[in-house]
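Step one of this worksheet: look at the structure below.
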Amino acid sequence: MTNNHSLSIVILAAGKGTRMKSNTPKVLHKICGREMLYYSIKESLKLSDDVCVILGFEQERIAKAMQEYFGDKIRFLIQDLENFPGTGGALKKYTPKHQKVLVLNGDMPLIQASELEQFLHTNSPIVMSVLDLPNVNGYGRVVIQNNEVQEIIEEKDADSKILALSTLNAGIYCFNKEILESYIPKLANNNVQKEYYLTDIIALARKDSVKIAPLFVALENFKGVNDKLDLAKAEEILGNRIKESWLKKGVLMRLPNTIYIEEGVEFVGECILENGVSICGDSKIIESHIKAHSIIESSFVKNSDVGPLAHLRPQSVLENTHIGNFVEVKKSTLNGVKAGHLSYIGDSEVDCGTNIGAGFITCNYDGKGKHKTKIGKNVFIGSDSQAVAPVVIEDDCLIGAGSTIRRNLKKGEFFVTLGKEVIKEGFFYRFFNKKL
Numbered sequence: 001m002t003n004n005h006s007l008s009i010v011i012l013a014a015g016k017g018t019r020m021k022s023n024t025p026k027v028l029h030k031i032c033g034r035e036m037l038y039y040s041i042k043e044s045l046k047l048s049d050d051v052c053v054i055l056g057f058e059q060e061r062i063a064k065a066m067q068e069y070f071g072d073k074i075r076f077l078i079q080d081l082e083n084f085p086g087t088g089g090a091l092k093k094y095t096p097k098h099q100k101v102l103v104l105n106g107d108m109p110l111i112q113a114s115e116l117e118q119f120l121h122t123n124s125p126i127v128m129s130v131l132d133l134p135n136v137n138g139y140g141r142v143v144i145q146n147n148e149v150q151e152i153i154e155e156k157d158a159d160s161k162i163l164a165l166s167t168l169n170a171g172i173y174c175f176n177k178e179i180l181e182s183y184i185p186k187l188a189n190n191n192v193q194k195e196y197y198l199t200d201i202i203a204l205a206r207k208d209s210v211k212i213a214p215l216f217v218a219l220e221n222f223k224g225v226n227d228k229l230d231l232a233k234a235e236e237i238l239g240n241r242i243k244e245s246w247l248k249k250g251v252l253m254r255l256p257n258t259i260y261i262e263e264g265v266e267f268v269g270e271c272i273l274e275n276g277v278s279i280c281g282d283s284k285i286i287e288s289h290i291k292a293h294s295i296i297e298s299s300f301v302k303n304s305d306v307g308p309l310a311h312l313r314p315q316s317v318l319e320n321t322h323i324g325n326f327v328e329v330k331k332s333t334l335n336g337v338k339a340g341h342l343s344y345i346g347d348s349e350v351d352c353g354t355n356i357g358a359g360f361i362t363c364n365y366d367g368k369g370k371h372k373t374k375i376g377k378n379v380f381i382g383s384d385s386q387a388v389a390p391v392v393i394e395d396d397c398l399i400g401a402g403s404t405i406r407r408n409l410k411k412g413e414f415f416v417t418l419g420k421e422v423i424k425e426g427f428f429y430r431f432f433n434k435k436l
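Numbering of the sequence shown is given in my numbering, commencing with residue 1 and proceeding in unit increments.
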C-alpha cells in the first residue's frame with residue numbers, strides 16, 4: 001500500500017460524546033493502550049499526505065495528545081460549534097489539498113487503510129459506505145436503486161417499509177472536491193437539533209442528478225464507538241488483531257484469549273507468553289519467556305524470564321535476568337540478576353551475578369523524594385533484607401539474612417544486622433496460664 005497524493009482525508013473529532021458518561025473526550029478514550037483517534041489518523045496517513053482533524057470540544061487537549069504521536073504530519077481545524085454545529089458544520093471552513101476527499105469519524109478505531117482504499121476504486125462524484133445488516137437498530141436506512149444511492153432516511157423518520165431495509169448508513173463518505181465546494185454552503189440547519197448535517201449533501205446532490213455510489217463494508221471495521229459497551233467490544237476486536245499479528249510473526253502464546261497486548265508493544269525473536277499475561281505501553285520483549293499472570297508496563301526485557309505473577313513497572317530494563325513470582329521491579333536496570341521471590345526493586349541498578357534472596361526490599365522513598373540503590377556484581381543478599389536508599393553496595397559483598405543496610409558497603413565486605421536475642425524458658429505457659 002502506498003501513500004496516495006491525490007487524496008485528502010478529514011477526520012471529524014469535535015464532539016463531546018455524552019453517551020460515554022466521562023469527562024474525557026470520546027476520541028481520547030483508549031483502546032489497547034492508544035486513543036481511538038490515534039487509530040483513525042494512523043490508518044489515514046497510510047493513504048494520504050493531507051490529513052486534517054476537525055476539533056471542537058477539548059480541542060487543545062486532543063491536539064496535544066495527537067501531536068505527541070504524529071507531530072506535523074497532520075493538521076487541525078477548529079469547528080465553530082456555536083454558529084455551525086453538526087457534521088456538515090465541521091466542514092464549513094475546511095479546504096482540502098487534493099481532488100478526492102475522504103470524510104472519516106474519529107470514533108471508528110477499527111477502520112483499516114486497506115478498506116478505506118476501496119473508496120478510491122469507485123468512479124463516482126460521491127461514494128458512501130453502506131452496511132448490509134437485517135434487523136439492526138440505530139442506523140439510518142439507505143435506499144438503493146440500480147446500484148445508486150437514492151436517499152438516506154433517518155430511523156426516527158422511517159415508516160415500516162423503510163425500516164425493513166437492511167442497507168444502513170455506515171457514516172463514511174468520499175467526495176470529489178467540487179461536490180463539497182458546491183454543497184457545503186447550501187447546507188441549512190432547519191431541523192430539531194439546529195445542526196448542519198453532512199448527510200443533507202446526499203439529498204441536495206440527488207436533486208441535481210449527481211451519481212452516488214454505495215460501497216458495502218463490514219460492520220466489524222466500520223462500527224463507531226458511542227458508549228463504554230462499544231468501547232469494550234472494540235478493544236476485544238482490536239486486541240485479537242494485535243495478538244493474531246504477533247502469532248503469525250512467531251510469538252508463542254498459551255491460551256491467547258487470556259492475554260492482553262497493547263498497540264505499542266514490540267516482540268523480537270522467539271518469545272513465549274503464558275496465560276493471563278499483560279504487556280502494556282511501549283514495552284519491547286526480546287527472546288524472553290513471560291510466565292503466567294505477569295504484568296509488564298513500558299519496559300525492556302531481553303533474554304530473560306519473568307514470573308509467574310511478577311510485575312515490571314515503567315522504565316524497567318532486564319537483560320539475562322530471572323525474575324520470579326511476586327517480584328516487583330520499577331524504574332530499575334538488572335543485568336544478569338536472579339531475584340526469585342517476593343521482592344521489590346525500585347529506582348535501582350543491579351549488576352551481573354547478583355542473587356537477591358526472598359523478601360528483599362529497596363526502600364527508595366523517604367516521604368519526600370525517591371532515592372537510588374546501586375548494587376554491584378556478584379553480590380549475595382540474604383532473605384528478608386532491606387537497602388535504605390540512597391545506598392551503594394559494591395561488588396562481591398555478602399549480606400546476611402534479616403539485614404537493614406543504611407550505609408555504603410565496600411567491595412568484598414560481609415554485612416549482617418545482629419539484634420540481641422531474648423530467650424525466656426517456659427514463657428508460653430506463664431503467659432497463657434497453662435501447665436507444662
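Backbone N, C-alpha and C define an ideal beta-carbon position, used for all residues, glycine too.
Asked	Found
Between the C-alpha atoms of lysine 100 and glycine 171, what's the straight-line distance to the nearest angstrom?	17 angstroms
Between which residues of its own chain and phenylalanine 300 is the CB-CB distance below 6 angstroms, once the five residues before and five after are set aside?	Lys284, Val317
Give me, in chain order, the residues of the same chain whose beta-carbon lies closer than 6 angstroms to that of isoleucine 201; leave out the 5 immediate sequence neighbours on both sides.	Tyr183
From serine 114 to isoleucine 62, what distance separates their C-alpha atoms?	26 angstroms
As a quick exercise: from Ile345, Ile375, Lys377, pick the residue whose alpha carbon is nearest that of threonine 362.	Ile345
Ignore the nearest five residues each way along the sequence and tell me which others in leucine 110's own chain have a CB closer than 7 angstroms to its CB.	Glu220, Asn221, Lys223, Ala234, Ile237, Leu238
Please identify the residue among Thr258, His322, Val27, Ser294 whose C-alpha is closest to the C-alpha of tyrosine 39.	Val27
Quick one: Cα of threonine 333 to Cα of glycine 376, how far?	12 angstroms
When DSSP labels each residue in this structure, what does phenylalanine 67 get in the three-state scheme?	Sequence check: residue 67 is glutamine here, not phenylalanine. Three-state result, glutamine 67: helix.
Does DSSP put leucine 198 in a helix, in a strand, or in coil?	coil
Select from Gly307, Glu181, Met128 the residue whose C-alpha is nearest the C-alpha of alanine 213.	Met128
If you follow the alpha helix (DSSP H) that threonine 87 is part of, which residue opens it and which one closes it?	86 to 89
Along the alpha helix (DSSP H) that carries methionine 36, what are the first and last residues, could you check?	36 to 45
Leaving out five residues on either side along the sequence, give the residues of the same chain with a beta carbon under 6 angstroms from the beta carbon of threonine 417.	Ser403, Thr404
Just to confirm my understanding: we take serine 6, look at its own chain, exclude 5 residues before and 5 after, and list those with CB closer than 7 angstroms. What are they?	His98, Gln99, Lys100
Helix, strand or coil for glycine 239? Go by DSSP, reduced to three states.	helix
In whole angstroms, what separates the C-alpha of alanine 90 from that of isoleucine 296?	41 angstroms
Thinking C-beta only, is isoleucine 9 closer than 9 angstroms to aspartate 50?	yes
Report the residue from Ile323, Ile11, Phe76, Cys32 whose alpha carbon sits nearest the alpha carbon of serine 44.	Ile11
Grouping DSSP H, G and I as helix and E and B as strand, with all else coil, what is leucine 255?	coil
So, at 6 angstroms on beta carbons, what are the nonlocal neighbours of lysine 330 in its own chain, with the 5 sequence-adjacent residues on each side left out?	Arg313, Gly346
What are the start and end residues of the alpha helix (DSSP H) that includes serine 8?	From DSSP, serine 8 is part of no alpha helix (DSSP H) but of the beta strand (DSSP E) over 7 to 13.
Any idea if glutamine 145 is buried or exposed, counting beta-carbon neighbours within 10 angstroms, 16 or more meaning buried?	exposed
Run the CB neighbour count on threonine 167, radius 10 Å, all protein chains shown included, and call it buried at 16 or more, exposed below.	buried
If I follow the unbroken alpha helix (DSSP H) through phenylalanine 431, where does it start and stop?	427 to 431
Phenylalanine 175 and valine 130 look like a contact to me (Cβ under 8 angstroms); what is the Cβ gap, rounded to whole Å?	No, phenylalanine 175 and valine 130 are not in contact; Cβ-Cβ is about 16 angstroms, not under 8 angstroms.
So does the segment 75 to 87 actually touch the segment 191 to 199, counting three or more Cβ pairs closer than 8 angstroms?	yes
Along the beta strand (DSSP E) that carries tyrosine 173, what are the first and last residues, could you check?	167 to 176
Terminal residues of the continuous alpha helix (DSSP H) containing asparagine 221?	219 to 222
Using CA coordinates, which residue listed in Phe380, His311, Tyr173 is at the minimum distance from isoleucine 437?	No answer is possible for residue 437: the residues shown for the chain start at 1 and end at 436.
Thinking C-alpha only, which one of Arg34, Gln79, Ile31, Lys46 is nearest alanine 13?	Gln79
Which residue marks the beginning of the beta strand (DSSP E) containing leucine 318, and which one marks its end?	317 to 319
Looking at C-alpha atoms only, which residue of Val225, Leu229, His293, Glu263 is the closest neighbour of isoleucine 242?	Glu263
Measuring alpha carbon to alpha carbon, tell me which residue in Phe360, Asn364, Lys368, Asp366 is nearest aspartate 523.	Absent from the structure is residue 523, since the part of the chain shown begins at 1 and ends at 436.
If alanine 203 sits next to glutamate 151, beta carbons under 8 angstroms apart, how far is it from one beta carbon to the other, in whole angstroms?	7 angstroms
For the putative contact between phenylalanine 70 and isoleucine 41, defined by C-beta atoms under 8 angstroms, what is the C-beta separation to the nearest angstrom?	6 angstroms
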